[in-house]
Structure formats: C-alpha cells, structure tokens
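Inspection log for the structure reproduced underneath, given as structure tokens.
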Amino acid sequence: MNRRKFIQGSAFTAGTFAFSNVGFAQNPGKKIRVACIGVGGMGGGDIRGVKNETVVALCDVDDRSLKSAAQLYPSAKLYKDYRIMLREMKDGIDAVTVSTPDHTHFPASMMAMFANKHVYVQKPMAHNIWQIRQMVAEARKRKLVTQMGNQGHTFTGIRLVREWIEAGLIGEVKEVIAWTDRPYQCYAFSPEQKQYPKATPVPGYLDWDLWQGCVKEPTAHAKDVFHRLYWRGWWRFGMGGLGDIGCHTLDTPFWALDLEIAHKVDVEVDHVNPVHTPPGSVVTYHCKQKKTGKVIPMTWYEGPKVPKLPAAMVGTKLHKEGGLIIIGSDGIVYHPGMRPDSPRLFPEEKWTAFRNNPESRPKEVYPRIKGGPIAEWLRAIKGEGPAPGSNFDYAGPLTEMIALGTLAIRTGKGMDYDAGKMQITNNPEAQAMIKEEAREGFRLEDLKV
0 MNRRKFIQGS
10 AFTAGTFAFS
20 NVGFAQNPGK
30 KIRVACIGVG
40 GMGGGDIRGV
50 KNETVVALCD
60 VDDRSLKSAA
70 QLYPSAKLYK
80 DYRIMLREMK
90 DGIDAVTVST
100 PDHTHFPASM
110 MAMFANKHVY
120 VQKPMAHNIW
130 QIRQMVAEAR
140 KRKLVTQMGN
150 QGHTFTGIRL
160 VREWIEAGLI
170 GEVKEVIAWT
180 DRPYQCYAFS
190 PEQKQYPKAT
200 PVPGYLDWDL
210 WQGCVKEPTA
220 HAKDVFHRLY
230 WRGWWRFGMG
240 GLGDIGCHTL
250 DTPFWALDLE
260 IAHKVDVEVD
270 HVNPVHTPPG
280 SVVTYHCKQK
290 KTGKVIPMTW
300 YEGPKVPKLP
310 AAMVGTKLHK
320 EGGLIIIGSD
330 GIVYHPGMRP
340 DSPRLFPEEK
350 WTAFRNNPES
360 RPKEVYPRIK
370 GGPIAEWLRA
380 IKGEGPAPGS
390 NFDYAGPLTE
400 MIALGTLAIR
410 TGKGMDYDAG
420 KMQITNNPEA
430 QAMIKEEARE
440 GFRLEDLKV
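In numbering that gives the first Met the number 0, the protein residues as written are 0 to 448.
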C-alpha cells in the first residue's frame with residue numbers, strides 16, 4: 000500500500016479538513032487556541048504537548064493541579080467547570096484537550112464538539128458504548144479533527160508489526176494473546192466489598208461535585224479511594240484494567256490485523272462485583288478480519304492471571320507488566336509492555352536471520368509519525384497532515400470492543416454482539432449498561448452550547 004492509498008484509507012481524508020483548517024491555511028504560522036480540561040496526571044503531560052500553541056484556558060476540579068498548570072501558562076484563564084469555560088470562551092477556543100477520569104470524557108468532549116472545537120481525549124474514549132457512538136457521529140457530522148490518546152498508535156513499532164504480518168513473516172495469523180498486571184493489587188479493593196466506601200471529608204482543594212460529573216447516583220467522597228489514585232477500579236468512574244491498558248495493547252492487533260468489533264466475547268472471572276473490577280480476569284474476543292472474514296481469537300489476561308508461553312517462546316521470560324503475542328502458522332510477533340515500542344520475532348532463529356539480513360526485510364509501507372499523538376492532531380488541525388491515526392472513526396470501534404469486555408467482566412457472563420444494532424443478544428444485564436443515565440446538568444441536551 001502506498002502513502003496515497005494509506006491516507007485515503009483513513010477515516011477522514013485531507014479534503015474533509017476544509018471546515019477546520021481554512022483559517023490556518025490562510026494564515027501560515029497561526030497558533031491554535033487550546034483549552035485544556037484536566038491538567039493533572041496525564042493532563043499534566045498533555046498540556047505540555049500544546050506548548051507551542053496558544054493555551055487560552057485551563058480547567059480542573061483540583062486547585063493543586065490548576066495552580067501548577069497556571070505556572071506554565073500564566074495568561075490562561077482558569078476554570079473549575081468546563082461547561083462554564085466552553086460557554087464563556089466559545090469564540091476564543093479552536094481546540095480542546097480532555098484528560099480527566101473515564102466517566103467525564105464523554106460530556107467534556109461532546110460539549111466541546113457541540114461548540115465546533117477539535118478534540119483530543121485520553122483513552123478510553125468514553126465510559127459506555129452509547130457514548131462512544133455519539134462521539135463518533137458528532138465528529139463526523141462537524142468534520143472535526145479528533146484523536147484518542149493511545150500513544151502507541153503513533154509508534155513505529157505498530158507499523159512494523161503490520162508490515163511484518165502483511166509481508167508474511169509469521170504466516171497466517173491464528174491467535175492473539177495480550178496481558179497486563181493491572182489492576183495493581185485490585186486498586187486497593189477487597190473483593191468482598193459490595194458497596195462504595197463510607198464517606199470521608201472532602202479536601203478543601205477539591206470540588207467533589209464537579210469531579211463526579213455526569214454520574215447519576217453520586218457517591219460519597221472517600222479519601223484516596225476515588226480521587227487521584229484508585230478511581231479506575233470503581234465501575235461508576237473507571238473501566239478497570241482493561242479500560243486502562245486495553246486501548247494501548249489491543250490497539251496493535253486491532254489495527255495491524257484490520258479487525259472488526261468482536262461479535263462474541265467469552266470471560267473467566269473469579270469475583271463478580273457490582274461496584275468494583277475484580278482482582279483478575281480473562282476475556283476472549285472473537286473478531287473477524289474485515290478483508291477475509293476469518294475469525295481470530297484475541298485473549299486478554301489481567302491481574303495475576305498470565306498466559307501460557309507458546310512453544311516457540313519457551314525459555315523466554317514474559318514482561319511482568321504486560322505485553323502482546325501474535326501467533327502465526329510460521330512464527331510469532333511479540334512486544335513487551337503495554338505499547339509496541341520494541342516488537343520482535345520468534346522463534347529465535349527467525350529473529351536472528353531477520354536482524355542479520357536487512358536487505359530482506361519488508362519495505363516501509365505505512366508513514367511514520369513524528370512527535371506523538373498530540374503533534375499529529377495539531378498538524379491535522381492546521382491542514383499540515385492527514386487525519387490522526389486514532390481519530391474517532393478508528394478509536395470508536397476499538398474502544399467499543401474494550402467496553403464490551405468490561406461488560407463481560409462486570410456481569411461475569413459472555414455475550415454475542417450485533418454491532419450494527421448495538422445489541423447484546425444473550426446478556427440482558429450487559430445490554431442494560433450499554434447506555435448509562437446522566438444526572439441533570441450533564442445530559443446530552445444540557446451540553447449544547
């Protein structure tokens with residue numbers, strides 16, 4: 000595939016940027032006016048990613064994070080409530096970054112898109128399948144430049160993996176295996192606990208009501224259990240280890256093998272809990288390749304559960320924190336860690352031959368990305384490059400598949416899924432969670448600008 004075909008095969012082509020880049024095309028060197036929602040944690044890195052643009056506003060519910068970010072951008076306006084920010088500064092913002100807990104990705108991103116702002120949102124894209132579909136549709140409708148923050152999608156490694164597979168280096172792909180050590184010690188949770196923790200005083204620096212955002216049934220504040228450290232494990236706020244790392248590690252096979260959303264999901268879980276992710280689980284996705292229709296099983300291990308080592312890798316020590324194995328009829332692609340920064344081949348003699356014969360390696364097919372996902376997004380906004388690789392048309396189906404797995408973990412039951420109808424046909428409990436009600440002030444109609 001040449002560069003032209005690659006760009007045309009993206010969800011948006013350069014031509015769809017007519018709405019977004021006209022002002023920048025007429026004014027080379029013009030800076031993008033960026034507002035940042037969530038400026039602590041991952042947001043702290045994201046706000047540095049836009050340092051060469053004009054950061055006009057910073058928003059966070061935590062005074063400590065806001066104060067720290069303000070030192071970097073002293074001229075930016077400061078807000079706690081992004082709804083107020085987007086309404087007050089609607090005409091003074093071009094693009095928005097969203098780096099908040101999972102449950103607030105959707106309302107912040109949707110409100111920004113309703114205001115015709117380009118959006119960069121951290122992974123996972125949203126907290127449920129209905130939200131994901133709404134975000135994809137709105138971005139398409141408004142021809143906005145979007146990007147999900149699964150950083151590995153810009154790595155050279157993910158392109159190498161696809162080029163190696165398409166060149167036949169491991170033969171016909173038979174199976175995918177991925178794993179992570181998340182959730183760390185089950186995010187400080189006891190599997191016997193069936194209710195949210197008892198209330199503790201809210202620190203003066205935190206607006207707890209705004210932190211909870213769209214959650215229909217607000218939860219009492221519990222020090223260090225929700226805010227900052229362990230919110231990912233609680234189903235109202237996060238999506239467990241799979242939601243945390245799946246958008247990174249499963250991104251590589253989903254893109255490299257050109258897979259559809261899984262039509263069937265199996266699950267093994269030790270503890271099913273209504274409020275919190277369990278210590279460990281195994282989720283198997285059954286996904287069809289778009290071109291061949293072949294079903295490729297993709298198994299995800301999390302927590303203390305780890306996969307069995309394939310015969311071609313015997314003697315290898317798997318990376319403790321996680322990794323990916325793609326098993327073919329004539330070899331294996333493996334990378335350690337959550338992102339594809341150092342892929343390699345197995346068995347060992349195949350890798351040795353590959354390294355010793357550079358002239359026989361597959362040619363570079365897919366364009367390499369410079370500067371990471373935020374830089375890619377900013378270039379696209381300016382019309383200086385194609386749509387970001389993890390734009391919502393791509394990131395939406397990937398995150399939808401991740402969300403299906405979390406529903407299997409939450410219910411302890413597998414499912415058959417009709418993506419066309421957005422319907423789980425044999426797990427009514429999971430079907431009921433495809434869409435979550437939002438509380439007043441954060442409902443879809445409340446977010447219109």
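Where a beta carbon is used, it is the ideal one built from N, C-alpha and C, also for glycine.
Please read these numbers as outputs of a predicted model, since none were measured by experiment.
In the structure shown, proline 296 adopts extended strand secondary structure according to DSSP, grouped into three states. Taking C-alpha positions only, arginine 132 is separated from leucine 397 by approximately 12 angstroms. In the three-state DSSP reduction, aspartate 265 falls in the strand class (E or B). Shortest Cα-Cα distance from alanine 75 to any of Ile92, Ala125, Met112 involves Ile92.
Within a 10 Å sphere around the beta-carbon of alanine 56 sit 16 or more other beta-carbons, which makes this residue buried.
Pairwise C-beta distances place the segment 420–436 in contact with the segment 402–412, as three or more of them are shorter than 8 angstroms. Taking C-beta atoms under 8 angstroms as the contact rule, valine 54 and cysteine 35 qualify, at a distance of about 6 angstroms. When beta bridges are read from the DSSP output, proline 335 appears opposite Gly322. Alanine 138 counts as buried, since at least 16 other C-beta atoms from the protein chains shown sit within 10 angstroms of its C-beta. In the same chain as histidine 117, and ignoring 5 residues on each side of it, the C-beta atoms closer than 6 angstroms to its own belong to Ala94, Leu143, Val144, Ile380, in chain order. Distance from the CA atom of lysine 215 to the CA atom of valine 364, rounded to whole angstroms, is 47 angstroms. Per DSSP, the continuous beta strand (DSSP E) segment holding glutamate 174 begins and ends at 172–179. Where isoleucine 36 is concerned, the enclosing beta strand (DSSP E) starts and stops at 32–36.
If you compare the alpha carbons of Ala221, Pro123, Thr298, Arg86 with that of lysine 173, the shortest gap goes to Thr298.
Collapsing the DSSP output to three states places isoleucine 128 in a helix. Following the DSSP letters along the chain, one finds glutamine 211 inside the alpha helix (DSSP H) bounded by residues 207–211.
In terms of CA proximity to glycine 242, Gln121 leads the group Ile368, Gln121, Gln194, Ser108. Look at threonine 218 here: in three-state DSSP terms it is coil, with no helix or strand label. With a threshold of 16 other beta carbon atoms within 10 Å, threonine 199 falls short and is exposed. Counting along the chain, no beta strand (DSSP E) covers lysine 420, and no H or E run does either.
Per DSSP, reduced to three states, the secondary structure at threonine 315 is coil, with no helix or strand assignment. Counting along the chain, the unbroken alpha helix (DSSP H) around leucine 241 starts and ends at 239–248. CA-to-CA, the gap between arginine 32 and glutamate 444 works out to about 26 angstroms.
The beta carbon of serine 341 is closer than 7 angstroms to those of Gly156, His334, Pro335 in its chain, skipping five residues each way along the sequence. Taken in chain order, the unbroken stretches of alpha helix (DSSP H) that lie wholly in the segment 386–446 and span 4 residues or more are 391–410, 427–430. A distance of 9 angstroms or more separates the beta carbons of isoleucine 433 and serine 328. In the displayed model, histidine 226 falls within coil according to three-state DSSP, outside both helix and strand.
In this chain, the beta strand (DSSP E) harbouring threonine 145 covers 145–148. When the Cα atoms are used, glycine 388 and histidine 152 turn out to be separated by approximately 7 angstroms. By the 16-neighbour rule on beta-carbons within 10 angstroms, glycine 237 is buried.
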